[in-house]
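Contents: one structure, followed by commentary.
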Amino acid sequence: MVVFDQYIVGISIVSLLGFVLFFSLFRDGIYKSKRKDKLNSAGIQSESVRNSDEVSSVSDGPDVIIVGAGVAGAALAYTLAKDGRRVHVIERDLSEPDRIVGELLQPGGYLKLIELGLEASDLEFFTVFIHLNLSDCVGNIDAQRVVGYGIFKEGKNIRMSYPLEQFHSDVSGKSFHNGRFIQRMREKAASLPNVRLEQGTVTSLLELKGIVKGVHYKTKNGEELKVYAPLTVVCDGCFSNLRRSLCSPKVEVPSHFVGLVLENCQLPYANHGHVILADPSPVLFYPISSTEVRCLVDVPAGDKLPSIANGEMAKYLKTVVAPQVPAEIRDSFVAAVDKGNIRTMPNRSMPATPQPTPGALLLGDAFNMRHPLTGGGMTVALSDIVVLRNLLRPLKNLNDADSLCHYLESFYTLRKPVASTINTLAGALYKVFCASSDEAHKEMRDACFDYLSLGGVFSNGPIALLSGLNPRPLSLVAHFFAVAIYGVGRLLIPFPSIKGLWLGIRLLSGAAGIIFPIMKAEGLRQMFFPSTVPAYHRRIHVK
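Shown next as structure tokens:
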């Protein structure tokens with residue numbers, strides 16, 4: 001419908017063609033002026049280069065500057081350097097991160113990690129390359145295999161396994177301490193001779209005539225420097241101070257996570273993630289080492305986050321959450337609360353809203369975020385890097401900024417089917433899994449649990465979406481509305497009633513109200529019909 005509307009509007013303004021043509025003559029100048037105003041309004045985010053002499057001789061400089069060395073930055077640096085690019089990575093803090101999220105890599109993300117480590121596609125070498133290229137990333141950090149999920153609701157539980165039968169036995173989800181994994185990724189990138197990994201704080205992007213030419217940064221020792229490159233990739237995480245220069249972010253905080261570590265705890269299902277459909281919102285458990293289990297308690301944004309300092313949080317966890325935790329791990333949960341190492345963090349959601357900018361690109365959480373309930377963030381980032389690598393590989397020369405920007409607009413479309421499926425699933429599943437006093441929502445939540453309990457295609461399809469092994473938008477929509485229709489059918493059996501029919505209508509309306517706004521924000525055309533977007537087919541002559 002969106003496509004047809006665009007055509008109708010196009011036809012309706014044919015009479016104004018002369019004005020459009022006139023305007024197009026000045027489009028580039030207007031665009032650059034607006035970009036400059038936008039960058040200036042963002043504070044420290046951009047800085048004009050005084051003259052072209054500063055950047056005219058950078059033959060011995062990097063081909064690509066990467067801002068940030070998290071999972072996305074480190075993986076991109078390694079990938080581009082393997083293809084022969086000279087890469088300069090600037091990371092604010094190179095010490096080991098200590099986070100309570102980014103600890104579960106889904107099987108689909110693990111496969112992308114393998115793909116980024118391969119230089120040959122011969123399947124007989126598949127196993128060898130896994131161990132040669134990934135042993136220093138997920139090996140020796142006490143990472144745990146994750147082969148599925150257990151879901152618990154009001155004394156009932158189901159177990160779902162990832163559909164891994166067609167893959168090598170090493171392929172599974174991986175859970176670990178986030179900091180350990182990132183340090184391994186950094187070490188792997190820094191091991192290549194054409195990667196320079198430096199600690200420093202990027203304060204602004206350097207711009208000349210609307211083109212990003214590099215960055216201004218402050219070194220660890222406080223020295224202020226400028227570095228130039230044909231392409232700057234900003235992937236400085238969810239708290240990025242540069243993203244406003246390159247997109248129009250619409251960040252939402254749907255909830256907060258309260259993090260705990262349970263020690264020497266045996267989960268009900270070994271090597272599984274666990275989701276407790278608690279009231280008011282889900283609680284997650286998954287192993288992060290051979291002796292530790294991460295617990296993440298979700299607190300919706302509408303609820304006041306209890307204070308840790310005055311003991312309100314501990315009381316909340318013991319009185320509200322603990323009774324809903326499976327009996328097998330309840331004592332370990334309470335012991336973790338008593339230990340007192342309780343941490344919180346906001347869960348952020350932000351659809352990708354790129355503003356194509358010559359000389360620069362956004363990636364990772366700086367570009368696109370989704371609720372971390374499904375653990376899809378690293379899968380999206382690694383998938384994006386595969387797309388970007390494949391686009392850049394044929395290009396020997398990155399110096400034509402305008403042509404490169406025009407060409408890389410295809411990146412935003414090519415990434416959409418995978419990224420949007422994972423993003424939409426995360427947002428929709430979180431809303432369905434949250435408790436509600438609304439009767440129609442309760443029916444939807446119950447229907448979802450019972451639908452997954454049916455097994456076979458009813459559980460294999462959704463878990464394949466969750467795992468990133470089959471991130472197809474149509475499959476997501478089909479299963480989501482199959483759950484809704486299943487819920488309506490239960491309301492009309494054995495005999496339809498006015499109340500049941502009305503509740504069923506409300507259930508379907510509620511389901512549509514959950515998923516359609518998320519898909520609209522992701523971009524319906526790019527998500528379902530990417531090949532109809534001109535940028536999807538865009539190519540330039542390889543130089």
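Residue 1 is where the sequence shown starts when you use full-length UniProt numbering, and the numbers rise one by one after that. In this text, a Cβ means the ideal position worked out from N, Cα and C, and glycines have one as well. Treat the numbers as computed from the prediction; the structure is a model and nothing was measured.
Between which two residues does the beta strand (DSSP E) harbouring residue i extend?
| i | result |
| --- | --- |
| ILE211 | 211-219 |
| HIS256 | 252-263 |
| ASN157 | 156-161 |
| LEU362 | 360-362 |
Give the DSSP bridge partners of residue i, in chain order.
| i | result |
| --- | --- |
| HIS88 | ILE65 and ARG196 |
| SER204 | HIS216 |
| HIS274 | GLY150 and PHE285 |
| GLU224 | LYS218 |
| ASN347 | SER255 |
| GLY173 | VAL146 |
| residue 605 | Nothing in the structure corresponds to residue 605, since the chain is present only between 1 and 543. |
| ARG294 | VAL261 and TYR286 |
| MET369 | MET350 |
| CYS235 | The partner list for CYS235 (beta bridge, DSSP) is empty, contrary to what the question assumes. |
| LEU105 | LYS174 |
| PRO300 | SER255 |
Should residue i be labelled buried (16 or more other beta-carbon atoms within 10 Å of its own) or exposed?
| i | result |
| --- | --- |
| ASN178 | buried |
| SER191 | exposed |
| GLY340 | exposed |
| SER437 | exposed |
| ASP384 | buried |
| LEU225 | exposed |
| LYS112 | buried |
| PHE449 | buried |
| LEU501 | exposed |
| VAL146 | buried |
| LYS174 | buried |
| ALA278 | buried |
| LEU474 | exposed |
| ASP60 | exposed |
| ASN347 | buried |
| PHE125 | In this predicted model, PHE125 has a pLDDT of only 43, less than 50, meaning its place in the structure is not dependable; the value taken from the coordinates is given anyway. Exposed, since its Cβ has fewer than 16 Cβ neighbours within 10 Å. |
| ILE514 | buried |
| LYS416 | buried |
| SER531 | exposed |
| ALA327 | exposed |
| HIS441 | buried |
| SER121 | Reliability fails at SER121, whose pLDDT of 34 lies under 50, so the model's placement of it is uncertain and no value is given. |
Quick check: the Cα distance between residue i and residue j, rounded to an integer number of angstroms?
| i | j | result |
| --- | --- | --- |
| THR203 | THR379 | 28 angstroms |
| VAL373 | ILE211 | The sequence as given places Leu at residue 373; Val does not occur at that position. Straight-line Cα distance between these residues: approximately 38 angstroms. |
| VAL432 | SER289 | 30 angstroms |
| ARG330 | LYS153 | 15 angstroms |
| ARG243 | PRO494 | 55 angstroms |
| ASP83 | PHE529 | 31 angstroms |
| VAL337 | ARG343 | 11 angstroms |
| MET527 | ASP402 | 26 angstroms |
| residue 547 | VAL71 | Outside the modelled stretch of the chain, which goes from 1 to 543, sits residue 547, for which no answer is possible. |
| ALA352 | PRO496 | 43 angstroms |
| LEU208 | ALA229 | 12 angstroms |
| ALA335 | ASN264 | 11 angstroms |
| GLN144 | SER161 | 15 angstroms |
| LEU503 | ILE308 | 40 angstroms |
| TYR78 | ARG389 | 11 angstroms |
| GLU103 | PHE176 | 5 angstroms |
| VAL483 | PHE516 | 15 angstroms |
| ILE283 | HIS272 | The question names Ile, yet the displayed sequence has Val at residue 283. Each residue's Cα considered, the two are about 14 angstroms apart. |
| VAL293 | GLY139 | 18 angstroms |
| ALA447 | LEU231 | 49 angstroms |
| PHE19 | LEU492 | Confidence at PHE19 is low in this model, with a pLDDT of 36, below 50, so the placement of that residue should be treated as unreliable; the coordinate-derived value is given next. Distance between the alpha carbons of PHE19 and LEU492 is about 58 angstroms. |
| MET345 | LYS396 | 42 angstroms |
| PRO300 | PHE257 | 9 angstroms |
| LEU164 | VAL320 | 37 angstroms |
| GLY377 | ILE498 | 43 angstroms |
| GLY468 | LEU408 | 24 angstroms |
Would you mind reading off the limits of the alpha helix (DSSP H) that contains residue i?
| i | result |
| --- | --- |
| LEU382 | 377-392 |
| residue 564 | Summary: the structure shown does not reach residue 564, with the chain confined to residues 1 through 543, and so no result is reported for it. |
| PRO462 | 457-466 |
| THR180 | Checking the sequence, you will find Arg at residue 180 rather than Thr. Note, ARG180: alpha helix (DSSP H), 178-190. |
| LEU267 | Element bounds for LEU267: n/a, residue is neither H nor E. |
| LEU452 | 439-453 |
| THR413 | 401-414 |
| SER509 | 498-522 |
| ARG490 | 473-491 |
| LYS396 | Looking at the DSSP string, LYS396 is not in any alpha helix (DSSP H), and its letter there is neither H nor E. |
Taking 8 angstroms as the line, does the beta carbon of residue i fall inside it for any heavy atom of the ligand FAD?
| i | result |
| --- | --- |
| TYR78 | For the ligand FAD, the structure offers nothing, since it holds no ligand at all. |
Is the stretch 349-359 close to the stretch 257-276, with three or more CB pairs under 8 angstroms? For the pair of segments examined, the stretch 349-359 was found not to touch the stretch 257-276: the number of CB pairs separated by less than 8 angstroms stays below three.
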